[in-house]
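Novice: Numbering (my numbering), first residue to last: 2 to 228.
Yeah, the Cβ is synthetic: ideal placement off N, Cα and C, and Gly gets one too.
First the structure, then my questions, so here it is.
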Ligand SMILES: CC(C)(COP(=O)(O)OP(=O)(O)OC[C@H]1O[C@@H](n2cnc3c(N)ncnc32)[C@H](O)[C@@H]1OP(=O)(O)O)[C@@H](O)C(=O)NCCC(=O)NCCS
């Protein structure tokens, strides 16, 4: 009698390309998965409601979090993205007191192909301090390292110069202009700049001199704790 091992199951790229809930520690800023836990903190719900009311966010990145009920539904949907491994949405928080600074969200456009898209916003009081840049860099590195992302895209309205700066600072090279490609908060279609970073692109130079990969070697704190 002879025994033969069953043939290995064919690899499903979706298994490798699953976003796993992770807190990224940038030292003074924590990137925490959005979800039900945030719903337990009134300050987080208030922050989401304030974000939706901000004119720049309402124009370039409208948020369906106008009131408490909407904010709770939005958090449920972020949790759903994490549960399916299809979306990775992080709140950027001050490490000392957990104050909400902003948000970075990554989602698969074509999971089998390793193509994802990233977006971000910061609350007005947090702007101009490099929060969006640092958070987007960290999430980008994490996606390449842990979720086998092959290519990540950013698209922003051509008039949104701050977003263009963030994209370039994060190593997302400009690839061209998409004409009338997206309906923004002013109910008008705008041209967008497309930027993208490949997993094989070099890590961008870091103007702050801080570690560019996720995690903070200086504090030695765990940076990839899965829930
Ligand atoms: C775009 C946004 C996320 C930037 O957040 P932030 O935390 O201020 O970003 P950072 O501090 O990391 O970097 C801001 C960059 O934009 C530049 N910038 C800021 N305001 C600007 C403006 N009005 N015009 C041109 N550049 C501007 C800053 O100089 C900086 O670039 P630099 O590092 O090359 O000097 C924030 O303005 C925002 O939330 N806007 C509304 C929502 C939005 O546009 N989301 C992106 C949709 S694609």
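Kindly indicate which three-state DSSP category residue 128 falls into: helix, strand or coil?
Specialist: The answer is coil: DSSP assigns residue 128 none of H, G, I, E or B.
Novice: Where residue 184 and residue 203 are concerned, what is the direct C-alpha to C-alpha distance, given to the nearest angstrom?
Specialist: Their backbone Cα atoms lie some 33 Å apart in a straight line.
Novice: With a threshold of 6 Å, establish whether the CB of residue 143 neighbours any heavy atom of ligand 1.
Specialist: No, the beta carbon of residue 143 sits no closer than 6 Å to any heavy atom of ligand 1.
Novice: So, is residue 82 buried or exposed, given that buried needs 16 or more other C-beta atoms within 10 angstroms?
Specialist: Buried: at least 16 other Cβ atoms inside 10 Å.
Novice: If distances are taken between C-alpha atoms only, which option among 94, 17, 54, 124 comes closest to residue 34?
Specialist: Checking every option, the nearest Cα to that of residue 34 belongs to 94.
Novice: For residue 110, which residues from the same chain have a beta carbon less than 8 Å from its beta carbon, with the 5 sequence-adjacent residues on both sides left out?
Specialist: For residue 110, where only same-chain residues beyond five positions count, the Cβ hits under 8 Å are 116, 117, 118, 154.
Novice: Please confirm whether any heavy atom of ligand 1 lies closer than 6 Å to the CB of residue 162.
Specialist: Yes.
Novice: Give me, in chain order, the residues of the same chain whose beta-carbon lies closer than 6 Å to that of residue 181; leave out the 5 immediate sequence neighbours on both sides.
Specialist: Excluding sequence neighbours, residue 181 sits near 190.
Novice: Give the DSSP-derived three-state secondary structure of residue 203 in the structure shown.
Specialist: The answer is coil: DSSP assigns residue 203 none of H, G, I, E or B.
Novice: Per the DSSP calculation, residue 194 is bridged to which residue(s)?
Specialist: 157, 178.
Novice: Any chance the CB of residue 61 is under 6 Å from a heavy atom of ligand 1?
Specialist: Result yes, Cβ under 6 Å from ligand 1.
Novice: Return the chain-ordered ranges of every alpha helix (DSSP H) run that is complete within the segment 10-62 and spans a minimum of 4 residues.
Specialist: Qualifying alpha helix (DSSP H) stretches, in chain order: 14-17, 37-40, 43-54, 56-61.
Novice: Entirely within the segment 78-115 and at least 3 residues each: give me those beta strand (DSSP E) ranges in chain order.
Specialist: If we require 3 residues or more, the beta strand (DSSP E) runs fully inside the segment 78-115 come out as 88-95, 101-111.
Novice: Rounded to whole angstroms, what is the Cα-Cα separation between residue 150 and residue 80?
Specialist: Cα-Cα distance, rounded: 20 Å.
Novice: Between residue 132 and residue 107, how many whole angstroms is the CB-CB distance? I'm expecting something under 8 Å.
Specialist: Actually they are not in contact, since the Cβ atoms of residue 132 and residue 107 sit about 16 Å apart, beyond 8 Å.
Novice: What did DSSP end up calling residue 76 once you bin it into helix, strand or coil?
Specialist: Residue 76: helix per DSSP, three-state reduction.
Novice: For residue 171, report the span of its alpha helix (DSSP H) as first-last.
Specialist: From DSSP, residue 171 is part of no alpha helix (DSSP H); its letter is neither H nor E.
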